[in-house]
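Trainee: Provided herewith is a single structure, encoded as structure tokens, for subsequent inquiry.
Protein chains: 2
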Amino acid sequence: MQDTSKSPDAAMAFSTAERTSLYRTIFSRRDVRSQFRPDPIPDDVLGRVLLAAHHAPSVGFMQPWNFIVIRGEAKKRQIQALFTEANEEAARQFDDERAAAYRKLKLAGILDAPVNLCITCNHDRAGPVVLGRTHVKETDLYSTVCAVQNLWLAARAEGIGIGWVSILDTSALKAALGLPDHVTPVAYLCVGYVTEFLDRPELQAKGWEKRLPLDELIMFEQWQGNKEGDPLLEAVREAQARLAEDYLAVVPDGKTETG
Amino acid sequence: MQDTSKSPDAAMAFSTAERTSLYRTIFSRRDVRSQFRPDPIPDDVLGRVLLAAHHAPSVGFMQPWNFIVIRGEAKKRQIQALFTEANEEAARQFDDERAAAYRKLKLAGILDAPVNLCITCNHDRAGPVVLGRTHVKETDLYSTVCAVQNLWLAARAEGIGIGWVSILDTSALKAALGLPDHVTPVAYLCVGYVTEFLDRPELQAKGWEKRLPLDELIMFEQWQGNKEGDPLLEAVREAQARLAEDYLAVVPDGKTETG
Numbered sequence: 001m002q003d004t005s006k007s008p009d010a011a012m013a014f015s016t017a018e019r020t021s022l023y024r025t026i027f028s029r030r031d032v033r034s035q036f037r038p039d040p041i042p043d044d045v046l047g048r049v050l051l052a053a054h055h056a057p058s059v060g061f062m063q064p065w066n067f068i069v070i071r072g073e074a075k076k077r078q079i080q081a082l083f084t085e086a087n088e089e090a091a092r093q094f095d096d097e098r099a100a101a102y103r104k105l106k107l108a109g110i111l112d113a114p115v116n117l118c119i120t121c122n123h124d125r126a127g128p129v130v131l132g133r134t135h136v137k138e139t140d141l142y143s144t145v146c147a148v149q150n151l152w153l154a155a156r157a158e159g160i161g162i163g164w165v166s167i168l169d170t171s172a173l174k175a176a177l178g179l180p181d182h183v184t185p186v187a188y189l190c191v192g193y194v195t196e197f198l199d200r201p202e203l204q205a206k207g208w209e210k211r212l213p214l215d216e217l218i219m220f221e222q223w224q225g226n227k228e229g230d231p232l233l234e235a236v237r238e239a240q241a242r243l244a245e246d247y248l249a250v251v252p253d254g255k256t257e258t259g
Numbered sequence: 260m261q262d263t264s265k266s267p268d269a270a271m272a273f274s275t276a277e278r279t280s281l282y283r284t285i286f287s288r289r290d291v292r293s294q295f296r297p298d299p300i301p302d303d304v305l306g307r308v309l310l311a312a313h314h315a316p317s318v319g320f321m322q323p324w325n326f327i328v329i330r331g332e333a334k335k336r337q338i339q340a341l342f343t344e345a346n347e348e349a350a351r352q353f354d355d356e357r358a359a360a361y362r363k364l365k366l367a368g369i370l371d372a373p374v375n376l377c378i379t380c381n382h383d384r385a386g387p388v389v390l391g392r393t394h395v396k397e398t399d400l401y402s403t404v405c406a407v408q409n410l411w412l413a414a415r416a417e418g419i420g421i422g423w424v425s426i427l428d429t430s431a432l433k434a435a436l437g438l439p440d441h442v443t444p445v446a447y448l449c450v451g452y453v454t455e456f457l458d459r460p461e462l463q464a465k466g467w468e469k470r471l472p473l474d475e476l477i478m479f480e481q482w483q484g485n486k487e488g489d490p491l492l493e494a495v496r497e498a499q500a501r502l503a504e505d506y507l508a509v510v511p512d513g514k515t516e517t518g
């Protein structure tokens, strides 16, 4: 061990301002459904956001993803029709009261967003045996989701909203996009500039679900392993309290440094 | 449409310095296996990183994740034994030449990292019918992966490395952590400060796989839909070239503004 009076991370961690930027992105990212503007996305901006997606981690460096960029009205209308059908099926699965609330929610901005983007996973990208994928076959899907989340955060920093439309029948979506059997459509995204990013997730603001307290989701050493006195839990409660106050304050002194 | 001479994103996008910080995080994030330091992670730092994970998007705001924090030597040794067994099974799946190369790679830092973290998905978190999960049941797993990626990026900005260990038998891992049937262990992560973050992904540096050109992974309107003349492809090639030169230059003028 080297002798150092500094925090062990001093050499590798980013500045307070840089860390604050990242946390700001993470905490202000939203799943956008109702606030899309029709303005086109410049190619250099969309290109950067896609490059962020491409630099996600992937199992065995497999990079299993493709990005299908949809800008034409015809294809959007075709997907919108699939969504409408699936969404009606979905509404019928809730009991009466919940179904009424469900039908009032706008859940997709397929036609409003200037760009739709389907991010797919090609299970055959790297041959039959992939390093790291020998025991959990779903890891290539997980890699693809990491790409989605990178893209989502980069988009937020660029002022672009993303809405993930998951209420679609997979077979119908595959047929509409001509995907071969060995390719799974992981995410169908609506992408566009927005009129605003909501302060809180829309389903929280509308009372559909509550934000869970993080400290109740943490366990130690094993499932249900709970050490109530663990100082990590107190640290988490403090971070939550700071975030509730101001998300720029989650990194101490972050607010002052970034103005 | 409002009349504005500014870019449509001006109000919502972050400053060049802030965007550059995010891209820096994304492009310099690594899957760490060999560079862990034993220094403990302060609770406030680990708490912040977990809070970033907790603010991932989730289907129907389901927040299906739990975080099992493992710091004890006994549990780590138990998981390390599972990894050793699975890794030997994995090596045998490659042909001779590839298997020899495989055996030379260090693929997990379970005992080196001060903290191990299992991020799980509780499929029953929000009852039998979940908004947005009616047609694709895997979406709760996808939400959990978004939490993993948020955590990975926050950790990078804090100077903390993450290594995702996927070479584990799921049943054995569930038994070791006492997970009930309705909970899936999505990611088993090694977490700790590092001696360095490598310039490039380790599997790329060691010649296991190559980075794919992003422009070849982009399609238009449908699978294999290719418009060679689409200006997005040229923009992507330019962004790739800037990144190859200097990742702080991906946002134009980013380098000058952040110094």
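Each protein sequence line maps, in turn, to chains A and B. Using the working numbering, read the first sequence as starting at 1 and increasing by one per residue. Using the working numbering, read the second sequence as starting at 260 and increasing by one per residue. Just so it is clear, CB atoms sit at the ideal spot from N, CA and C, and this is done for glycine as well.
Once DSSP output is grouped into helix, strand and coil, what is the label at Gly207(A)?
Mentor: Position 207 of the first sequence, counted from the first residue, corresponds to residue 207(A). Coil.
Trainee: Skipping 5 residues on each side, what residues in its chain have a beta carbon closer than 8 Å to that of Glu468(B)?
Mentor: Translated into positions along the second sequence, residue 468(B) becomes position 209. For Glu468(B), where only same-chain residues beyond five positions count, the Cβ hits under 8 Å are Leu462.
Trainee: By the 10 Å Cβ neighbour count, where 16 or more other Cβ atoms means buried, how is Pro444(B) classified, buried or exposed?
Mentor: Indexing the second sequence from 1 puts residue 444(B) at position 185. The residue is buried, with at least 16 neighbouring Cβ atoms inside 10 Å.
Trainee: Assign Ala446(B) to one of three DSSP states: helix, strand, or coil.
Mentor: Taking the second sequence and counting its residues from 1, one reaches residue 446(B) at position 187. Three-state DSSP puts Ala446(B) in a strand.
Trainee: Assign Gly319(B) to one of three DSSP states: helix, strand, or coil.
Mentor: Counting from one through the second sequence, the residue named residue 319(B) turns up at place 60. Reduced to three states, the DSSP call for Gly319(B) is helix.
Trainee: Any beta-carbon of chain A closer than 9 Å to the one on Ser293(B)?
Mentor: Position 34 of the second sequence, counted from the start, is the residue given in the question as residue 293(B). No, no contact with chain A.
Trainee: For Val423(B), tell me which candidate among Ala157(A), Leu153(A), Tyr142(A) has the shortest Cα-Cα distance.
Mentor: Residue numbering aside, residue 423(B) sits at position 164 when the second sequence is read from its first letter. Inspection of the sequence shows that residue 423(B) is occupied by Trp rather than by Val. The option with the nearest alpha carbon to Trp423(B) is Tyr142(A).
Trainee: Using 9 Å as the threshold, is the C-beta distance between Glu417(B) and Val308(B) below it?
Mentor: Along the second sequence, read from residue 1 onward, the residue named residue 417(B) stands at position 158. Along the second sequence, read from residue 1 onward, the residue named residue 308(B) stands at position 49. Going by C-beta atoms, Glu417(B) is nearer than 9 Å to Val308(B).
Trainee: Starting from Pro373(B), find everything on chain A with Cβ-Cβ shorter than 8 Å and list it in chain order.
Mentor: Within the second sequence, the letter at position 114 stands for residue 373(B). Ordered by position in chain A, no residue passes the 8 Å Cβ test against Pro373(B), which lies about 10 Å from the chain.
Trainee: Tell me the rounded alpha-carbon separation between Tyr23(A) and Asp354(B).
Mentor: On the first sequence, residue 23(A) is found 23 positions in, with the first residue counted as 1. On the second sequence, residue 354(B) is found 95 positions in, with the first residue counted as 1. Rounded to the nearest angstrom, the two C-alpha atoms are 44 Å apart.
Trainee: If the criterion is Cβ atoms closer than 9 Å, does the pair Tyr193(A) and Phe67(A) meet it?
Mentor: In the first sequence, the residue the question calls residue 193(A) occupies position 193. In the first sequence, the residue the question calls residue 67(A) occupies position 67. Result no, Cβ atoms of Tyr193(A) and Phe67(A) do not sit closer than 9 Å.
Trainee: Where does the unbroken beta strand (DSSP E) through Leu117(A) begin, and where does it stop?
Mentor: For the purposes of this step, residue 117(A) is identified with residue 117 of the first sequence, where counting begins at 1. 115-122 is the span of the beta strand (DSSP E), which, as asked, contains Leu117(A).
Trainee: Chain B partners of Cys190(A), CB-CB under 9 Å?
Mentor: Taking the first residue of the first sequence as position 1, residue 190(A) is located at position 190. Going along chain B, no residue has its Cβ under 9 Å from Cys190(A), so there is no contact; the nearest lies around 13 Å.
Trainee: So what does DSSP say about Trp411(B), is it helix, strand or coil?
Mentor: What you label residue 411(B) is simply residue 152 of the second sequence in a count that begins at 1. It is helical.
Trainee: Express the C-alpha separation of Gly319(B) and Gly391(B) in angstroms, rounding to a whole number.
Mentor: Residue numbering aside, residue 391(B) sits at position 132 when the second sequence is read from its first letter. Residue numbering aside, residue 319(B) sits at position 60 when the second sequence is read from its first letter. Approximately 6 Å between the Cα atoms of the pair.
Trainee: Under 9 Å Cβ-Cβ, which residues of chain A neighbour Tyr343(B)?
Mentor: If you number the second sequence from 1, residue 343(B) lands on position 84. The identity of residue 343(B) in the sequence shown is Thr, whereas the question assumes Tyr. The contacting residues do not exist; Thr343(B) stays about 13 Å from chain A at best.
Trainee: From this set, Leu310(B), Ala500(B), Asp302(B), Val304(B), which residue's C-alpha is nearest Thr25(A)'s C-alpha?
Mentor: Position 25 of the first sequence holds residue 25(A). Answer by Cα proximity: Leu310(B).
Trainee: Could you tell me whether the Cβ of His382(B) comes closer than 9 Å to any Cβ of chain A?
Mentor: Residue numbering aside, residue 382(B) sits at position 123 when the second sequence is read from its first letter. Not closer than 9 Å to any Cβ of chain A, the Cβ of His382(B) fails to qualify, so no.
Trainee: Measure the C-alpha to C-alpha separation of Gln499(B) and Ser280(B) and round it to an integer number of angstroms.
Mentor: Reading the second sequence from its first residue, position 240 is the one you call residue 499(B). Reading the second sequence from its first residue, position 21 is the one you call residue 280(B). Taking the straight line joining both Cα atoms gives about 17 Å.
Trainee: Strictly below 9 Å CB to CB, what residues from chain B border Gln204(A)?
Mentor: Looking up residue 204(A) in the first sequence gives position 204. Correct list: Phe320.
Trainee: Taking only beta-carbon positions, decide if Arg336(B) is within less than 9 Å of chain A.
Mentor: Walking along the second sequence from the start, residue 336(B) turns up at place 77. No, no contact with chain A.
Trainee: Select from the stretch 40-51 of chain A all residues with a C-beta closer than 7 Å to any C-beta belonging to chain B, and list them in chain order.
Mentor: Listed by position along the chain: Asp43, Asp44, Leu46, Gly47, Arg48, Leu50, Leu51.
Trainee: So that I know if they touch, is there some Cβ in chain A lying closer than 9 Å to that of Leu507(B)?
Mentor: Here residue 507(B) refers to the residue found at position 248 of the second sequence. Answer no: the Cβ-Cβ gap between Leu507(B) and chain A never drops below 9 Å.
Trainee: With 8 Å as the C-beta to C-beta threshold (strictly closer), list the residues of the stretch 476-487 of chain B near chain A in chain order.
Mentor: Listed in sequence order: Leu476, Ile477, Met478, Phe479, Glu480, Gln481, Trp482, Gln483, Gly484.
Trainee: What's the C-alpha gap between Val389(B) and Ile426(B)?
Mentor: Numbered from 1 along the second sequence, position 130 holds the residue referred to as residue 389(B). Numbered from 1 along the second sequence, position 167 holds the residue referred to as residue 426(B). Approximately 31 Å between the Cα atoms of the pair.
Trainee: Using a C-beta to C-beta distance shorter than 7 Å, which residues of chain A count as neighbours of Leu457(B)?
Mentor: Taking the first residue of the second sequence as 1, we reach residue 457(B) at position 198. Within 7 Å Cβ-Cβ: nothing; Leu457(B) doesn't reach chain A, min ~12 Å.
Trainee: Nearest to Ile79(A) by alpha carbon, out of Asp246(A), Leu177(A), Val236(A), Glu245(A)?
Mentor: As a first step, residue 79(A) is located in the first sequence; it is residue number 79 there, counting from the start. Among Asp246(A), Leu177(A), Val236(A), Glu245(A), the Cα nearest to that of Ile79(A) belongs to Leu177(A).
Trainee: Using a threshold of 9 Å, state whether the C-beta atoms of Leu341(B) and Leu432(B) are closer than that.
Mentor: Taking the first residue of the second sequence as 1, we reach residue 341(B) at position 82. Taking the first residue of the second sequence as 1, we reach residue 432(B) at position 173. Yes, these two residues count as a Cβ contact at 9 Å.
Trainee: Could you name the residues of chain B that Gly132(A) contacts, counting a contact when the two beta carbons are closer than 7 Å?
Mentor: Working through the first sequence from its first residue, we reach residue 132(A) at position 132. Correct list: Ser425, Ile426.
Trainee: Cβ of His182(A) less than 9 Å from any chain B Cβ?
Mentor: Taking the first sequence and counting its residues from 1, one reaches residue 182(A) at position 182. No, His182(A) lies away from the interface with chain B (no Cβ there is under 9 Å from its Cβ).
Trainee: Based on Cα-Cα distance, which residue from Thr84(A), Gln222(A), Trp65(A) lies nearest to Leu271(A)?
Mentor: Because residue 271(A) is not part of the residues shown, which for chain A are 1 to 259, the question remains open.
Trainee: Among the residues of its own chain, which have a CB less than 6 Å from the CB of Ala90(A), if the five just before and after it don't count?
Mentor: By one-based count along the first sequence, residue 90(A) stands at place 90. Within the same chain, Ala90(A) has close Cβ partners Ile167.
Trainee: For Ser58(A), does the count of other Cβ atoms within 10 angstroms reach 16, so buried, or fall short, so exposed?
Mentor: The residue you call residue 58(A) lines up with position 58 of the first sequence. When all chains shown are included, Ser58(A) counts as buried.
Trainee: Which same chain residues end up closer than 7 Å to Gly518(B) when comparing Cβ atoms and leaving out the 5 residues on each side of it in sequence?
Mentor: Your numbering for residue 518(B) matches position 259 in the second sequence. Because the pLDDT at Gly518(B) is just 32, under 50, the model does not fix this residue reliably, and the point stays unresolved.
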